[in-house]
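Trainee: Below: one structure in structure tokens.
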Amino acid sequence: MSRFGFVVMPSENLRWETLQALQSSPKGRITFDARWSERGEDILSGCKEALSLSPRSGVVLERLGSLPLHRSGFRGSSSGGSSPGLSEELPASIFSSGSIPDSSISTKHSPLSAAPPSSNEQGVSDEAKDENPDSDVCEVSSPPSPPPISLLSPKAMETAGRIIRFEEEHREKAKLAVRLRQEIQEKLVAAVASAESEQLKRFEELMELKQRQEYQSMRDMMDRETKESMGRQEKLKEEQRHRMKILNLRLREAEQQRLREAEHERQRQAEGKERLRTLNTIQEEILQLNQLLEPSSQTKSDFPAASLSSYSTRGNQLCSQVSEVVRKTAEGEFPSVEDMTVAERALHEMRALIRLMQEEAAEAQEKKRKEQEEEEEHRKQAELQAQQEAQKKAAQSAKEKAQKKGLQNSAEDVTRKWFKELQESAAQCAEAIEQLNSPKDAQTKKLKLELQKAATIPISQISSNSGSQLREIFDKVDKLLSGRAVVSGGRSVSTSQHPQGLDFVCYKLAEKFVKQGEEEVASHHEAAFPIAVVASGIWELQPRVGELFLAHLHKKCPYAVPHYPPMKDGTAVEEYQRILGYRVDDAGVEGQDSFLKRMSGMIRLYAAIIQLRWPYGSKQGSVPHGLNHGWRWLAQMLNMEPLADITATLLFDFLEVCGNALMKQYQIQFWKLILLLKDEYFPRIEAVTSSGQMGSVIRLKQFLQTSLQSRQISPPKGQLGSAFWRS
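Take 3 as the starting number for the sequence shown in my numbering and just add one per residue.
Printed below as a string of structure tokens:
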């Protein structure tokens, strides 16, 4: 803090000049700097300097010297508005002396005396006064050792003392302020040190955190590298396992390849043996066919000799080709595919030669046939007329018998005789094949099983899926019956392997057809037609199968004759039920529903057979068992007393399957028979039927009423059309 003092001049006119002179002094421009303590400077250093008066103050003193000094005094002020030059000039010189001088000052002299200035100082003062009297006193350097200022007045001395005391008080205040400032600075320094310490602690914590993070990062990196190393090791192990797996796989493939090659070799050997057997079969067949081409084997005198000679020559050439192929295999080699192709081509050509020869023979006989056609036509017309008359008479006779004498209880003598003949023929066949049917050695037993499978399995596969499949089944059975080898169960079998082979196959085929009727047709009525058409075709090619079929059918279903076997004396009830067609076993007699279901299936199969013919046959002869047998069966049924439940069931099944064909064949005679059935025979059926057995009676009644009202009987469901045979 700066202190300023000013002198109260006796004249007011000199006040402003004095203040201006003091202001122009160096002390008048003292500035305060808050950073003195930081630089190590004393805050009162400016007050301790020696004071000197500027040349301007000399002018003031000269003016004051010319005035009488009545009183003089000093007045200290701390106001910042006083002139700094005057307030600092005098006290500074006094303070610089350290104490008030002891010498006395005379009142005669000037109130303020100073040492005479040096010549340089006087010269500078004069020059400055001449050049610019109002210039600042600070521009002239002060004398190095100014003389002390002496105050002559005691009042001035008192004022100076007061000024000193005032200065000391302010100095103490300044020291106190400095101490306070130092304390504040120390507190600030302590606060800053504490903040810096906290900051350092935070910094250390941050560094520690960074160090931990770096350590954790390093550990993570090491763990990652460890995991990567372990992953690479696992990958290497996996690659090693993969290579081992591939190696094992290649080894297995090599082993499988070796096994395949061995299997291929075995298969090649087996195929070679099979081709060899087939080649021998072909050679045997082609030699047998060649015998048909020999002139000595011809019984037809009208066959051209030139054509027969050419056929024989070509047949011998084909036999030579096959013999050449067989000769190659005599050296231990199997026939190749090309050799088999040559042999099969020769066989096909031989068969073609046989067909051509047969066709030529047929053409040779065509003329005779044409000559006989008219006679045959006349004979057929006569037979038809006679048959119609016989039917008319039979119907009339049946009507008369029904009206006069009543109906029969059994079949006619001719029918019973026919029934017995069929049963005797079947029994003779069963006795003839007893050696093969009940074999004693393993080889014959094995042959029996193979022949039975070859005969029955194709019949079990008959369905209405497609005509081509049905034709394949028929060809397989036809091939078996013709004595040729067929493959069954992976083995080749033929009826020529045993003397009783053909009879055995015929017997089993007939038995299988009847079994299909009582099982398959009984469950699915539409299955009757594909089974019946195959049976009809085989019957036409091998009549022996048809006779055995009728024998088996009549034995299991005597109503197909029709025949109601009487109960003889001494016959057990169970045995008589077997004769009537019931199944009797340890559990007892089968139920009526099961019995009627089986009878219905067999009658439906029989009704389908008498109206169907194999479409790929020769169609030259008459049907082996045609619709005339159906008319006979229906007429004889109406001539016999009805049986409860069974008569109505069989009549309905027979008419539903065969009624449409009989209607087209016999027309008005058929409708007369149906009318007779409805008006006269049906009341007899109702009379013998109980209330619990009216189901079949109601079905028959509805069928008769619908047919007579519409004068039409619908074709049966499941009938095979032309589209079926193209499938």
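Ideal Cβ placement from N, Cα and C applies to all residues, glycine included.
Treat the numbers as computed from the prediction; the structure is a model and nothing was measured.
Just list the residues that DSSP pairs G590 with in beta bridges.
Mentor: According to DSSP, which records beta bridges pairwise, G590 is partnered with D587.
Trainee: With a CB to CB cut of under 8 Å and the five nearest residues on each side skipped, what residues in its chain are close to D443?
Mentor: Counting only Cβ-Cβ distances below 8 Å, and skipping sequence neighbours, we find nothing.
Trainee: Which value, in whole angstroms, describes the spacing of the CA atoms of R277 and E340?
Mentor: Cα to Cα, the separation comes out at about 11 Å.
Trainee: Does the stretch 526-546 come close enough to the stretch 565-585 to have 3 or more Cβ pairs within less than 8 Å?
Mentor: The stretch 526-546, when compared against the stretch 565-585, does not touch it at the 8 Å Cβ threshold.
Trainee: Which runs of the alpha helix (DSSP H), 4 residues or longer, sit entirely within the stretch 479-531?
Mentor: As far as the stretch 479-531 is concerned, its whole alpha helix (DSSP H) runs of at least 4 residues are 503-518.
Trainee: So, does the stretch 688-706 touch the stretch 632-651, judging by three or more C-beta pairs under 8 Å?
Mentor: Cβ pair count under 8 Å is three or more, so yes.
Trainee: Are A348 and I284 close, meaning C-beta to C-beta below 9 Å?
Mentor: In this structure, I284 lies closer than 9 Å to A348 by Cβ.
Trainee: Measure the alpha-carbon distance for M569 versus A366 and round it to whole angstroms.
Mentor: Their backbone Cα atoms lie some 58 Å apart in a straight line.
Trainee: Where E169 and A158 are concerned, what is the direct C-alpha to C-alpha distance, given to the nearest angstrom?
Mentor: Each residue's Cα considered, the two are about 16 Å apart.
Trainee: When you compare the CB positions of W616 and I540, do they come within less than 9 Å of one another, or not?
Mentor: In contact: W616 and I540 (Cβ atoms closer than 9 Å).
Trainee: When you compare only the Cα positions, how much space is there between A192 and R226?
Mentor: Going by the C-alpha atoms only, they are around 49 Å apart.
Trainee: What are the boundary residues of the alpha helix (DSSP H) that L182 is part of?
Mentor: Taken as a continuous stretch (DSSP letters only), the alpha helix (DSSP H) holding L182 covers 156-294.
Trainee: State the DSSP-derived secondary structure class of C559, mapped to helix, strand or coil.
Mentor: Note: C559 maps to coil in three-state DSSP.
Trainee: Counting pairs of beta carbons, one from the stretch 483-501 and one from the stretch 448-458, are three or more of them closer than 8 Å?
Mentor: Output reads yes: the stretch 448-458 touches the stretch 483-501.
Trainee: Assign W635 to one of three DSSP states: helix, strand, or coil.
Mentor: Reduced to three states, the DSSP call for W635 is helix.
Trainee: Do A610 and V659 have their C-beta atoms within less than 9 Å of each other?
Mentor: A contact, by the Cβ cut-off of 9 Å.
Trainee: Once DSSP output is grouped into helix, strand and coil, what is the label at G628?
Mentor: Here G628 sits in coil by DSSP.
Trainee: Between P644 and the rest of its own chain, which residues show a CB-CB distance below 6 Å, the 5 nearest in sequence each way excluded?
Mentor: Here the set comprises R686, I687, V690.
Trainee: Return helix, strand or coil for I715, following the three-state DSSP convention.
Mentor: Coil.
Trainee: Grab the span of the alpha helix (DSSP H) containing K746 for me, first residue to last.
Mentor: For the chain, the structure presents residues 3 to 729; residue 746 sits outside this window and is missing.
Trainee: Are the beta-carbon atoms belonging to S729 and S468 less than 9 Å from one another?
Mentor: Yes, Cβ-Cβ distance for S729 and S468 is below 9 Å.
Trainee: Measuring CB to CB, does L629 end up less than 9 Å from G519?
Mentor: The answer is no: Cβ separation not under 9 Å.
Trainee: If I measure Cβ to Cβ from G603 and keep anything under 6 Å in the same chain, skipping five residues before and after, which residues do I get?
Mentor: Closer than 6 Å at the Cβ level, and outside the excluded window around G603, lie G519, E520, V523, A524.
Trainee: On the criterion of 16 or more Cβ atoms from any shown chain inside 10 Å, does Q360 qualify as buried, or is it exposed?
Mentor: Classification for Q360: exposed.
Trainee: In whole angstroms, give me the CA-to-CA distance for E236 and L261.
Mentor: In a straight line, the C-alpha of E236 is about 36 Å away from that of L261.
Trainee: Taking the alpha helix (DSSP H) that S724 falls in, what are its first and last residues?
Mentor: S724 -> alpha helix (DSSP H) spans 724-727.
Trainee: So does the stretch 411-429 actually touch the stretch 475-491, counting three or more Cβ pairs closer than 8 Å?
Mentor: Contact fails: fewer than three Cβ-Cβ distances are below 8 Å.
Trainee: Starting from G694, trace the alpha helix (DSSP H) in both directions and tell me its first and last residue.
Mentor: Where G694 is concerned, there is no enclosing alpha helix (DSSP H), given that its DSSP letter is neither H nor E.
Trainee: Can you tell me which of the three DSSP states A574 falls into?
Mentor: Coil.
Trainee: Measuring CB to CB, does L291 end up less than 9 Å from I356?
Mentor: Contact: yes.
Trainee: How many angstroms separate the CA atom of H350 from the CA atom of L320?
Mentor: Cα to Cα, the separation comes out at about 10 Å.
Trainee: Looking only at its chain, what residues have a beta carbon closer than 8 Å to the beta carbon of I475, apart from the 5 residues adjacent to it on each side?
Mentor: So the qualifying residues of the chain are P460, I461, Q463, I464, V536.
Trainee: Comparing C-alpha positions only, which one of K203, L472, M601 sits nearest to F656?
Mentor: Closest by alpha carbon: M601.
Trainee: Excluding the five sequence neighbours on either side, which residues of its own chain have a C-beta within less than 7 Å of the C-beta of I288, listed in chain order?
Mentor: Excluding sequence neighbours, I288 sits near L320, C321, V324, A348, L349, M352.
Trainee: Evaluate F76 with the Cβ neighbour count: other Cβ atoms within 10 Å of its Cβ, from every protein chain shown; 16 or more gives buried, anything less gives exposed.
Mentor: Low local confidence applies: a pLDDT of 38 at F76 is under 50, so the model's placement there is unreliable, with the coordinate-based value given in what follows. It is buried - the Cβ of F76 has at least 16 other Cβ atoms within 10 Å.
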